[in-house]
Amino acid sequence: MEIKKCLRCGSLHTTEGDVCRECAIKDNAEVIKLKGVLSEGFEIGTTKQDLAIKAGITAKNLNRYLQAEEFSGIYFPETSSNIGGINEKKAELK
Ligand SMILES: [Zn+2]
Numbered sequence: 149m150e151i152k153k154c155l156r157c158g159s160l161h162t163t164e165g166d167v168c169r170e171c172a173i174k175d176n177a178e179v180i181k182l183k184g185v186l187s188e189g190f191e192i193g194t195t196k197q198d199l200a201i202k203a204g205i206t207a208k209n210l211n212r213y214l215q216a217e218e219f220s221g222i223y224f225p226e227t228s229s230n231i232g233g234i235n236e237k238k239a240e241l242k
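Under the working numbering, the first residue of the sequence shown is numbered 149, with each subsequent residue one higher.
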């Protein structure tokens, strides 16, 4: 059995994912909120910061969720200072 450190709260766990069981529940709820925000549509130039605020989640957690398969291909700049720049780096972390 592999013991891993929860990416969210730092506690040790042996569950499937990257987070412990309790955080997986919180993650799920936040991903639903995030999807809700995304499904409402967003303006060009929306940053990760904007998204995090809208969804009521932390930037750190948002980054983690955006690495998921279902969000691959969606790219948001970190902050508004990146607007207009071309950045090919997408959330394709495997
Ligand atoms: Zn945890």
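Every residue gets a Cβ at the ideal spot worked out from N, C-alpha and C, and that includes glycine.
{"Item": "Count the other CB atoms, across all protein chains shown, that sit within 10 Å of the CB of arginine 212; report buried if there are 16 or more and exposed otherwise.", "Value": "buried"}
{"Item": "I want to check one thing, is the minimum distance from the CB of glycine 158 to the heavy atoms of ligand 1 below 8 Å?", "Value": "yes"}
{"Item": "At a cut of 8 Å, does the segment 166-176 reach the segment 189-197 through at least three beta carbon pairs?", "Value": "no"}
{"Item": "Mapping the DSSP letters down to three states, classify leucine 160 as helix, strand or coil.", "Value": "strand"}
{"Item": "Does ligand 1 have a heavy atom nearer than 8 Å to the CB of glutamate 170?", "Value": "yes"}
{"Item": "With DSSP as the reference, please indicate the residues paired to lysine 153 in a beta bridge.", "Value": "Leu160"}
{"Item": "Excluding the 5 residues flanking lysine 242 on each side, which residues of the same chain have their C-beta closer than 7 Å to its C-beta?", "Value": "Low confidence applies here, because lysine 242 scores a pLDDT of 44, under 50, leaving its location unreliable; read the following figure in that light. So no residue of the chain qualifies."}
{"Item": "How would you label leucine 182, buried or exposed, when you count the other beta carbons within 10 angstroms and need 16 or more for buried?", "Value": "buried"}
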